[in-house]
Every structure is written in C-alpha cells, then in structure tokens.
Amino acid sequence: MSTITPKSLTIAGSAADFAATAVAGDEISYSGGDLLIEFRNGHTGSITVNVAPTKTTGVVTGAGPVTIPTRSLALPAGSDGAFLLKSDQIGAYVNANNRIPITYTGGNVAMLVRAIRL
C-alpha cells in the first residue's frame with residue numbers, strides 16, 4: 335500500500351505526474367479542501383476502483399440518518415476516470431490517519447493514480 339500526497343497546483347502551472355498503484359490499495363493524504371483523484375487504466379481488462387466510507391452513517395438535514403455509499407468506478411481497459419471529493423462530503427471517507435483508502439480489483443504498475451488538491 336502506498337501513500338499518495340496530493341499535488342497543489344499553481345497559477346504558473348505545475349507538473350502532476352501519475353504514480354503506479356499498489357495491488358493492496360493506496361491511501362491519499364488529506365489536509366483539507368476539495369480533492370480530485372484521477373486514474374488511468376493501462377491494463378488490457380476492466381478494473382474497478384473503490385473508495386469505501388470510513389463512517390457508514392451520516393445525517394442529512396430533514397431526512398435523518400442515511401447510509402454513506404462506497405464510491406465505485408469501473409474503468410474499461412485504456413480508460414481514464416476520476417472522483418471529485420468535495421470538502422463538505424469527504425469526512426466520511428477519511429480514516430484515523432487523515433488518509434482516504436482506495437482499493438482496486440487489479441492495481442499494479444499498469445494502473446495509475448494521481449491526486450490534486452483543488
């Protein structure tokens with residue numbers, strides 16, 4: 335499992351390289367703000383990316399307790415995809431280490447990930 339630090343972009347431009355994913359999954363460090371997590375599937379088959387909540391229940395005003403869903407993204411071979419985690423929703427996905435755990439159905443060097451703090 336790798337820990338990925340999100341890149342903060344500058345107005346002058348910034349390099350935002352992809353990193354290879356780990357078979358056991360990865361964790362994205364979180365230090366506030368909105369977060370864009372991007373994936374590039376270089377495999378010859380589909381891979382599903384999951385961001386499971388660390389809190390399974392939340393409260394919605396006027397509705398009461400609700401189940402927090404796992405965010406899943408099925409990426410066909412050769413495809414790119416992304417999750418946008420807004421700062422007002424991300425708390426349900428951050429673990430005790432201030433990281434967002436991500437799992438893959440087939441992560442390795444052909445499955446790439448990068449995180450950008452917005």
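Following the numbering used here, the numbering of the sequence shown begins with 335 at its first residue and continues without gaps. For glycine and all other residues, C-beta sits at the position ideal for the given N, C-alpha and C. Here the structure is a predicted model, which is why all the values come from computation and not from measurement.
How many Å lie between residue i and residue j at the Cα?
i	j	result
I338	V447	9 Å
D360	A408	17 Å
K420	L343	17 Å
D422	R433	16 Å
Buried or exposed: which applies to residue i, given that a residue is buried once 16 or more other Cβ atoms fall within 10 Å of its Cβ?
i	result
I381	buried
L369	buried
I371	buried
P340	buried
Would you mind reading off the limits of the beta strand (DSSP E) that contains residue i?
i	result
F417	414-419
P435	433-438
A346	Careful: A346 lies outside any beta strand (DSSP E) and carries neither H nor E.
Closest by CA to residue i, which one among the options?
i	options	result
V357	M445, I450, L409, I402	M445
T355	L452, T395, R451, I436	I436
P410	R374, P340, P403, I424	R374
I402	D414, A349, I424	I424
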